[in-house]
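Here's the structure we're looking at; comments come further down.
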Amino acid sequence: MDNRIALRVELEKAIAETGCTLSSVAEVGGLSIGNLSASLQKEKLRPITMKQLDTLTEALGLPEGHYYEYYLSECFYNNRVSVPRMKSFLIRCAELGKTDLIMNAIHVLVEHPKYTELFFSVAEELYLNGLVEESLLFYEEVIEEEKYNHSDRLAISHYRIFRSTIGANAEENYKAVIRFEGFRKRLPEDFRSDALLHLANICVLLQKWSLAEQFADELRILTTIRYQEELLIKKNNSVSEPLKTERPLVVYYGQSYLIKSVSLYKQGDYKKAEQYIEGYEDLSWFEILDEQGKKEIDKFRLWAKANKYSVELLLGNVSVLDEYTNYLTEYPNEIPAGLLLITKAANAYGFSIDHILERSPEPSMENEVNAVRIEHHIEFHYQKAIYEFNQRRFVEGLESILYCFSLAISTKRYSMAMLCVAQFDQYLNHASDFQKGKFTNLVREVLEVEKI
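Mapping of the sequence shown onto the working numbering: position 437 corresponds to residue 437, and the numbering continues sequentially without gaps.
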């Protein structure tokens, strides 16, 4: 039986079994009785809308999507796709997790022109409404169809997938960067600044310093050009469509300098890093600012102050230590990054920070999803272990190494895991039987993961 007829037979049977009349069902669902009656006729086969079907299903007390297996045929008329009905159908299937019905639709739709435009539209609506996971299947279909083109749809689809992939898993993050970075220059201007900012930040976390610098430089050039264009528009009293970016323009400008400075001092080039800190330390000269932009300038000023302390400590200037710890007390959100920096400097120059560690609560990773904070947390425990070893507190140092090792395994930071193995082996003679057993279990865990 034709699915269109089958759908109407099933609906008529369900209405009869419940003892409802068509008028009562229409009244409950707020539908036009005339339109509903016409749509249910098997002779004329006037298309049933998604709203009608969902309303009927609810009125009959049936689960959402109960009749969707019959509905795909309703999305065609005279062998042509009804885009509004098909879009509604695909979105509802995605919302309800009916992947099999979506795949059936894809199989049929590939024979029809402009189906990638429809898939992209569905993907964007899902993504922008917070249904990110549900949107990915449609973006992948767009990529597959348009892989030999240079369309905006292709670049945006790659960007959306990149953004959705970023998480705590370093290995997956790097794969996402590699897959997407070649498409960054094809993005529409509205997306380019955010894409470069995310690429640069992820590369900082991955310690891919040359890539982080490259993306930061591109972001600075792009933002500077856009700023000059905005100034010219303002000077000439011209009318221009504003860029639809996620953040004010000043954020991208300041972040380009911030990320560049971080990359440089992570590579030990502290003097050059200090020059780039000055690039975002005082952005009060920035003319194109809204209220949010002014608040962001204040944040950059604070970050510059903290990062100048960081550079001074990494250059061995211990005299700023008390001033820096007072700063962290005033701004507790900066404590995780600050403790990491202080511990690293103590290891480099051999000064004691026992008094700081005693009064500072250790950063917690409970319910933490922020990739930056996870990275700080892992590296802090590695640096803390080194500090404990330097203080000849071997048991405490081995505990920190084991904790760091477990976190590195769970987040697939294998370079850090290898460092932990080397440190544990170096101080193996000081390990308790319990610590040796814990280490062995963690190594087995790595081997099991590799088997998978």
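Glycine included, every Cβ here is placed at the ideal spot set by N, Cα and C.
Q228 has its alpha-carbon roughly 40 Å from the corresponding atom of A345.
The DSSP-derived three-state label of F405 is helix. According to the DSSP assignment, V110 belongs to no alpha helix (DSSP H), since it is labelled neither H nor E. Taking a C-beta distance under 9 Å as the contact criterion, F138 and Y159 do not qualify as a contact pair. DSSP places W209 inside the alpha helix (DSSP H), whose first and last residues are 209 to 235.
Per DSSP, reduced to three states, the secondary structure at R247 is coil, with no helix or strand assignment.
Looking at the DSSP output, Y77 shares a beta bridge with R80. Under the 8 Å Cβ criterion, the segment 275 to 285 counts as touching the segment 254 to 263, having at least three qualifying pairs. With a threshold of 16 other beta carbon atoms within 10 Å, W303 meets it and is buried. When secondary structure is reduced to three states using DSSP, S121 falls in the helix class. Judged by pairs of C-beta atoms under 8 Å, the segment 200 to 216 touches the segment 170 to 183, as three or more such pairs exist. Sequence-distant partners of G61 (beyond 5 residues in either direction) whose C-beta falls short of 6 Å from its own C-beta are missing from its chain. Contact between the segment 217 to 235 and the segment 388 to 399 is absent: fewer than 3 CB-CB pairs across the two stretches fall below 8 Å. Going by C-alpha positions, A371 is about 20 Å away from A306. Boundaries cannot be given for K98, as no alpha helix (DSSP H) includes it and DSSP labels it neither H nor E. Selection V122, D217, P63 evaluated against K87 yields V122 as nearest (Cα-Cα). By the criterion of a C-beta distance shorter than 6 Å, F120 is surrounded in its chain by V142, R153, once the five residues flanking it on both sides are discounted. Here Y309 really is in contact with Y327; their C-beta atoms are around 7 Å apart, less than 8 Å. The beta carbon of A195 sits closer than 7 Å to those of Y159, R184, L187, all from its chain and outside the five residues before and after it, given in chain order. Remark: C-beta atoms of E64 and T57 approach each other more closely than 9 Å. With fewer than 16 other Cβ atoms inside 10 Å of its own Cβ, H355 counts as exposed. Three or more beta-carbon pairs separated by less than 8 Å link the segment 243 to 253 to the segment 290 to 298, which places the two stretches in contact. Shortest Cα-Cα distance from M103 to any of E134, E124, K114 involves E134.
The C-alpha of A422 is placed about 30 Å away from the C-alpha of N317. DSSP places Q292 in the helix class (H, G or I) of the three-state scheme. Here M50 is buried, its C-beta having at least 16 other C-beta atoms within 10 Å. One thing to note: L101 has its Cβ no nearer than 9 Å to the Cβ of Y67. Taken through DSSP and simplified to helix, strand or coil, F180 comes out as helix. Across the set I178, A168, V110, the C-alpha of V110 shows the shortest separation from the C-alpha of E146.
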